[in-house]
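J.:
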Amino acid sequence: MLLVFDIGNSNVSLGLFEGAGGSARLVDSWRVHTDPKLTGDEIYLAVEGFLGERVDRVTGVAALSTVPALLRELRLMIPRHFAGRRSLMVEPGVRTGVPLLVDNPKGVGADRVVNALAAFHQFQTACVVVDMGTTTVVDAVSAKGEFLGGAIAPGMAISVDALAQCAAALPKVELTHPRSVIGKSTVESLQSGVLFGFAGQVDGLVRRMVAALEAPHPPRVVLTGGLAPLLVDELDTPCAHDPWLTLTGLRMVFERHARAGK
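First residue of the sequence shown: 332, per the working numbering; consecutive thereafter.
#1: A400 by DSSP, collapsed to three states: which one?
#2: So, under 8 Å CB-CB, A394 and F336 are touching, yes? Tell me the CB distance rounded to an integer number of Å.
#3: Is it true that the CB of L432 sits closer than 8 Å to the CB of E404?
#4: Going by CA-CA distance only, name the one from Q455, R356, V525, V461 that's closest to G556.
#5: Is it true that the CB of R406 sits closer than 8 Å to the CB of A589?
#6: Hey, could you find the ends of the beta strand (DSSP E) E349 is sitting in?
#7: Between T466 and A493, how many whole angstroms is the CB-CB distance? I'm expecting something under 8 Å.
#8: Give me, in chain order, the residues of the same chain whose beta-carbon lies closer than 7 Å to that of A530; leave out the 5 immediate sequence neighbours on both sides.
#9: Can you pull the DSSP bridge partners for W361?
#10: Which of helix, strand or coil does DSSP assign to F454?
#11: Taking the beta carbon of V363 as the centre, do at least 16 other beta carbons fall within 10 Å, making it buried, or is it exposed?
#12: If the criterion is Cβ atoms closer than 8 Å, does the pair V552 and D573 meet it?
#13: Quick check on this structure: which residue in M540, G440, R411 has the alpha carbon closest to the alpha carbon of G424?
#14: Taking G391 as the reference, give the member of C570, A591, N340, F348 with the closest Cα.
#15: Pick from V459, V445, A546, D442: whose alpha carbon is nearest that of P569?
#16: In chain order, what residues of the same chain have a beta carbon less than 6 Å from the beta carbon of G544, not counting five sequence neighbours either side?
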């Protein structure tokens, strides 16, 4: 079984895959809040709690982290607790099979690259990948599977935090659907502005990116990330929702390196 880690600024997503290639399936998954102060041993204790007896059936580990402190801890934890098992840290310089047609390939986050890989593999055509997390990332993938770049904007959660910090009269609100776009209270008005405002932002960015791609066939749009469920039904843009896109991309890169004997 393959254990994969996607450590982001807001959440840690873990997945357990069985099988490989076309027969691979995600048999279990978890999502927890990111704590940048965790040690490698604490990360392993959490993994052991999630997997139970299945931890001994793990034959490989693939991981990426956009949090530098936890990336260091993963480097210590994996060889210590998964000794003798094939492992891969996906980071700049690691071959993924995705051509990066940008000014500085090493500056592209590993999560964006594996998302592009998984989306293109799924649809075999040009794609726009929307990742709703700490930031809202909208990336373009060509009809050849090339990563072309994208747009990065503040995410919904940090926008709510910023409002509460910078406007003394405004409360911090829960990210949830208001009764109507016409808020009947300050809280509902804030929820409406954030939710429907971000839906309009995503629709606008995707529309512009699709036009810029000039693909021979209409690009497919894929929505992922921890906050994606809030927006998936509010977008005018037809899209597929894949909450585990990054984990799938990690599996694919791992298998690529395993086939190459690396």
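Ideal Cβ positions, reconstructed from N, Cα and C, are used throughout, including at glycine.
Owing to the predicted nature of the structure, the values given are computational and were not obtained by experimental measurement.
T.: Let me lay it out:
#1: helix
#2: 4 Å
#3: no
#4: V461
#5: no
#6: 342 to 349
#7: Not really, about 13 Å apart at Cβ, beyond 8 Å.
#8: L562, E565, L566
#9: L345
#10: helix
#11: exposed
#12: no
#13: G440
#14: F348
#15: V459
#16: Per the sequence presented here, residue 544 reads as Leu, with Gly not at that position. The answer, listed in chain order, is A457, A471, P550.
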